[in-house]
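Colleague:
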Amino acid sequence: MLIMTKTVTPVTTKALILSGHKEVITSVRNSLKSFEYGEIDFLENGIEALKKMNTSSYDLVICHSKIKFISGWNLIKEMKTSEKIPNMPVVLMGDQPAPATEDELKAYGLIKYLKMPASESDLSFLINSTLQLFKTSGTIENKYTKAKAALISQNAGQAVELYSELHGLTKKSVRSSMGLAEAYTQNGESEKAENIILETLKNDSQNATAVLLQIKIFLKRQQLAEAQNAGLQLLNPLSDSPFYHVRVLSIYNELKLLEAAEHVCRDAIQKEFKLPEFWNSICRMYFQKGRYEECLEMIDASVQQFGPNVDILNIKGACMRKLNRLDDALEAYGDGIVRGSRNRSRSCGE
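The C-terminal residue of the sequence shown carries number 347 in my numbering, and the numbering is unbroken.
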């Protein structure tokens, strides 16, 4: 008799190390050997890290306090309150004193802050303790994992229920408040969400997570002036990092409001933030409005600063096609395909 057996595909465990310091990366890699992670990614850029975690889930994230564009602590708060990033175990380390009190660290799932230099055994012990916290049923962190999963899967009713419980258990912590506000927004209860946001901003007027969610609610209601005002209040004081400009821009792009996002891009360009996202967005806006010559001028300015990228080449091809410059359009599209293929090859390690 033929017995059918089911082939079980081994699960690859993944870790993400966020640091630009070679000695930190070496120490972390050595500590991770005993945990046998099948795949380890490295990033030193907070903006790219947030994008990566939007599309890839990790079994462990180890973050240095100093990374590009944002502090490690603020990045952790962003990922822990994001409606798109699953709840993941995180370890925070750094050379400076702890960025927050022990209670504040614990509120975001951190057992403690590891002050460097630290031995590999200390790091291994902290990693193990962090992983156990996430695996233990009934812990606050385990409840956050379930609440986040409901939010990400768009199960709004369950997300409201789970975050309401956490809101009570954590005495209305910022983390649970933002999760509940996001769940209410998803469930079509924007008034309840806004009440939570306003209460949070009353205690901390510069709480970036609350402002970002407030902007999203304004935009969904087509309250563009209110959204712009909230965005500028958040962004105007920020002249040393483009992180929150990218975050605000992503909300506009997600809701396909390119023209309304122009003020964000102009502010970023005026502050000389060297990222192509802002130029790309204005180019798309010009294209949508049929301003093809202005779009091509903006594309040339972007390419001079950053070199060509797939997005900008595709916009260029579309402009050329609209202007009936078909040979130029084919050349731009072809360059975009080649560059995209190279990017995929690099990401696959070929």
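Backbone N, C-alpha and C fix where the C-beta goes; we use that ideal spot for every residue, glycine too.
How is E138 classed by DSSP in three states: helix, strand or coil?
Modeller: Three-state DSSP puts E138 in a helix.
Colleague: Helix or strand or just coil, what does DSSP make of L90?
Modeller: Strictly speaking, residue 90 in this sequence is Met, with Leu absent from that position. Correct three-state label for M90: strand.
Colleague: Is it the case that the Cβ atoms of V243 and L272 are separated by a distance below 8 Å?
Modeller: Yes. Within cutoff.
Colleague: Would you list, in sequence order, the uninterrupted alpha helix (DSSP H) runs of no fewer than 4 residues that lie entirely inside the segment 123 to 182?
Modeller: Segments of the alpha helix (DSSP H) lying fully in the segment 123 to 182: 137 to 149, 153 to 166.
Colleague: Do the segment 78 to 93 and the segment 50 to 58 make contact, defined as three or more Cβ pairs closer than 8 Å?
Modeller: With the cut-off at 8 Å, the segment 78 to 93 and the segment 50 to 58 touch.
Colleague: For T23, count neighbouring Cβ atoms within 10 angstroms of its own Cβ and tell me buried if that reaches 16, exposed if not.
Modeller: Classification of T23: exposed, given that the 10 Å Cβ count is below 16.
Colleague: Mind checking who C60 pairs with in its DSSP beta bridge?
Modeller: In the DSSP output, where bridge partners are listed per residue, C60 has L15, L89.
Colleague: Excluding the 5 residues preceding and the 5 following L293 in the sequence, name in chain order all residues of the same chain whose CB lies nearer than 6 Å to its CB.
Modeller: Closer than 6 Å at the Cβ level, and outside the excluded window around L293, lie C316.
Colleague: Residues in its own chain within less than 6 Å of A115 by CB, not counting five upstream and five downstream?
Modeller: So no residue of the chain qualifies.
Colleague: Would you check if the distance between the CB atom of I214 and the CB atom of S173 is smaller than 8 Å?
Modeller: No, they are not a contact pair.
Colleague: Which residue comes first and which comes last in the alpha helix (DSSP H) that contains D100?
Modeller: First-last of the alpha helix (DSSP H) with D100: 99 to 104.
Colleague: Are the CB atoms of I73 and C60 within a distance shorter than 8 Å?
Modeller: In this structure, I73 lies closer than 8 Å to C60 by Cβ.
Colleague: Please report the Cβ distance between V307 and G337, rounded to the nearest whole angstrom; I am assuming they are in contact, meaning their Cβ atoms lie under 8 Å.
Modeller: That pair is a contact at about 5 Å.
Colleague: Give the straight-line distance between the Cα atoms of T6 and S202, rounded to the nearest whole angstrom.
Modeller: Summary for T6: the model assigns pLDDT 41, below 50, so the residue's position carries little reliability; its value from the coordinates is reported in the next sentence. About 49 Å.
Colleague: Going by beta-carbon coordinates alone, are Q211 and I194 separated by less than 8 Å?
Modeller: A contact, by the Cβ cut-off of 8 Å.
Colleague: Mapping the DSSP letters down to three states, classify T6 as helix, strand or coil.
Modeller: Note that T6 scores 41 on pLDDT, short of 50, meaning its location in the model is unreliable and no value can be drawn from it.
Colleague: Starting from S68, follow its DSSP beta bridges and name the residues at the other end.
Modeller: S68 pairs with K63.
Colleague: Go ahead and pull the three-state DSSP assignment for I37.
Modeller: I37 falls in the strand class under three-state DSSP.
Colleague: Starting from the C-beta of V157, find all residues in its chain whose C-beta is less than 6 Å away, skip the five residues before and the five after it, and write them out in chain order.
Modeller: The residues are A180, N184.
Colleague: What three-state label does DSSP hand N277 in the structure shown?
Modeller: Note: N277 maps to helix in three-state DSSP.
Colleague: My understanding is that L111 touches L123, with C-beta atoms under 8 Å, so please give their C-beta distance in whole angstroms.
Modeller: 6 Å between Cβ atoms; contact.
Colleague: In whole angstroms, give me the CA-to-CA distance for L255 and S247.
Modeller: Taking the straight line joining both Cα atoms gives about 10 Å.
Colleague: Near N311, what residues of its chain come up, given a Cβ to Cβ distance below 8 Å and the 5 sequence neighbours on each side ignored?
Modeller: If we look at N311 and ignore the five residues flanking it on each side, its Cβ neighbours are A329, Y330, G333.
Colleague: Going by beta-carbon coordinates alone, are S79 and W70 separated by less than 8 Å?
Modeller: Taking 8 Å as the Cβ cut-off, S79 and W70 do not qualify as a contacting pair.
Colleague: What's the C-alpha gap between A12 and M113?
Modeller: Distance between the alpha carbons of A12 and M113 is about 20 Å.
Colleague: Quick one: give me the first and last residue of the alpha helix (DSSP H) that K409 is part of.
Modeller: Residue 409 lies beyond the residue range present for the chain, which begins at -2 and ends at 347; the question has no answer from this structure.
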